[in-house]
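Student: Can you keep this structure in mind? I'll have questions shortly.
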Amino acid sequence: MSVAPDIGPPPSLPDAASAPWVETRPGAVFFINALAAAPVFVALYPWAVRWLLRTAGILDRPSRILDPVPAVAAHFAPVVGWLALPALAFAIYGFRIADRRWARVLLGIFAVAHVGTVIYTAAQWVG
Numbered sequence: 016m017s018v019a020p021d022i023g024p025p026p027s028l029p030d031a032a033s034a035p036w037v038e039t040r041p042g043a044v045f046f047i048n049a050l051a052a053a054p055v056f057v058a059l060y061p062w063a064v065r066w067l068l069r070t071a072g073i074l075d076r077p078s079r080i081l082d083p084v085p086a087v088a089a090h091f092a093p094v095v096g097w098l099a100l101p102a103l104a105f106a107i108y109g110f111r112i113a114d115r116r117w118a119r120v121l122l123g124i125f126a127v128a129h130v131g132t133v134i135y136t137a138a139q140w141v142g
């Protein structure tokens, strides 16, 4: 009959204070919120640059680089824009459990982006 070899004690796990913030519950919720808000910012960035350049008088005609992303977003937002409602609820939940100031600020920005998406979607459906 063989005896199992003694392999020693199990490795010690880091305590919660020394774990990276993204591996904590508030960090994971923040990360998921950032992923949910990313499509809004992907569409807003070229729109904002295009608006800034046209306001400054630098861009006076349609742009093949800056126009497609907002155009595609305007086409799909009325259909899938309602997905911002669960993302908004999750951002509010993340705001409540966030333990860092900068995370709360960014979660507030994400929530504003989700509210804007819902308002835009509702406006497209109404008229």
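Counting in the numbering used here, the sequence shown runs from 16 upward without gaps. Every residue, glycine too, gets a C-beta built ideally from N, C-alpha and C. Everything numeric in this text was worked out from a predicted model, so none of it was measured.
Which residue spans inside the stretch 99-124 form an unbroken alpha helix (DSSP H) run of at least 4?
Tutor: List check, alpha helix (DSSP H) in window: 99-112.
Student: Ile80 by DSSP, collapsed to three states: which one?
Tutor: In the sequence shown, the residue the question calls residue 80 occupies position 65. Three-state result, Ile80: coil.
Student: Measuring alpha carbon to alpha carbon, tell me which of Phe46, Val44, Val57, Ser33 ends up nearest Thr132.
Tutor: By 1-based counting over the sequence shown, the position of residue 132 is 117. The shortest Cα separation from Thr132 among Phe46, Val44, Val57, Ser33 belongs to Val57.
Student: When you compare the CB positions of Pro85 and Pro61, do they come within less than 9 Å of one another, or not?
Tutor: Working through the sequence shown from its first residue, we reach residue 85 at position 70. Working through the sequence shown from its first residue, we reach residue 61 at position 46. Yes.
Student: Beta carbon of His129, beta carbon of Ala89: below 9 Å?
Tutor: Stepping through the sequence shown from its first residue, residue 129 is reached at position 114. Stepping through the sequence shown from its first residue, residue 89 is reached at position 74. Cβ distance not < 9 Å, so His129 and Ala89 don't count as in contact.
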